[in-house]
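J.:
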Amino acid sequence: MKPTILLGHLTDKRNEGAIIRTAEAFGINAILILGDRKPWKTAQGAENHMIYCECKDIKKVLNVIQEDNLKIVCIENTKEAVSLNEAVYPANPIFVTGNESLGVPKDFLDNAALVVKIPQAELSYTRCLNTSNAMAIVLYDWFHKERVKRKYEWK
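Taken in order, the sequence shown gives residues 0 to 154; the numbers are from numbering that gives the first Met the number 0.
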């Protein structure tokens with residue numbers, strides 16, 4: 000099964016478009032969107048190569064994730080989060096990002112197989128990275144580690 004992405008109540012269509020385009024570039028073709036709407040248009044038509052599911056009920060989403068044997072990987076700055084440098088991604092990941100202000104919904108954090116954070120400079124004033132930038136960094140890290148593990152070549 001290919002990895003999946005879950006977008007948790009994003010409000011900025013530019014972030015969503017950037018995440019979808021990045022996800023497609025790294026071979027991810029399924030996007031779950033919390034809320035009641037269709038995905039926004041992205042650059043380069045990446046949205047035309049994706050499978051979408053709009054989801055209103057978090058409990059139902061968690062049941063589907065469990066039934067499909069997906070492992071939740073949240074991208075969030077928490078004290079318990081594993082640094083990107085030490086992250087070991089589970090098989091069948093579903094990468095979860097949250098609202099630009101509120102973060103990843105607690106239900107997903109509570110059920111995560113992995114919560115990953117991106118190291119920042121100690122003196123950085125910025126509390127966290129933009130959600131689309133964070134997703135891009137984590138997807139690259141996952142993609143690279145998968146390729147090394149399976150000895151795949153970069154195209």
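Every residue gets a Cβ at the ideal spot worked out from N, C-alpha and C, and that includes glycine.
1. Does the Cβ of Leu122 have 16 or more other Cβ atoms within 10 Å, making it buried, or fewer, making it exposed?
2. For Ile30, which option in Asp56, Ile93 and Val103 has the closest C-alpha, if you only look at C-alpha atoms?
3. Output the residue ranges of the alpha helix (DSSP H) runs that lie fully inside the stretch 54-134 and measure 4 residues or longer, sorted by chain position.
4. Where does Thr21 fall in DSSP's three states?
5. Can you give the Cα-Cα distance for Thr21 and Phe142, rounded to whole angstroms?
6. How about the stretch 61-79 and the stretch 11-18: do they share at least three Cβ pairs that are nearer than 8 angstroms?
7. Considering only their Cβ atoms, is the gap separating Pro89 from Leu128 smaller than 8 angstroms?
8. For Ile32, count neighbouring C-beta atoms within 10 Å of its own C-beta (all shown protein chains included) and say buried if the count is 16 or more, exposed if not.
T.: In short, the structure shows the following:
1. Here residue 122 is taken as the residue at index 123 of the sequence shown, counted from 1. So Leu122 counts as exposed.
2. Looking up residue 30 in the sequence shown gives position 31. The alpha carbon of Ile30 has as its nearest neighbour, out of Asp56, Ile93 and Val103, the alpha carbon of Ile93.
3. Qualifying alpha helix (DSSP H) stretches, in chain order: 57-66 and 105-109.
4. Taking the first residue of the sequence shown as position 1, residue 21 is located at position 22. Looking at Thr21 - three-state DSSP - the assignment turns out to be helix.
5. On the sequence shown, residue 21 is found 22 positions in, with the first residue counted as 1. On the sequence shown, residue 142 is found 143 positions in, with the first residue counted as 1. Linking Thr21 to Phe142 through their CA atoms gives a straight-line distance of about 11 angstroms.
6. Because the criterion of three Cβ pairs below 8 angstroms is not met, the stretch 61-79 and the stretch 11-18 do not touch.
7. The residue labelled residue 128 in the question sits at position 129 within the sequence shown. The residue labelled residue 89 in the question sits at position 90 within the sequence shown. Taking 8 angstroms as the Cβ cut-off, Leu128 and Pro89 do not qualify as a contacting pair.
8. Locating residue 32 in the sequence shown gives position 33, counting from the first residue. Ile32 should be labelled buried.
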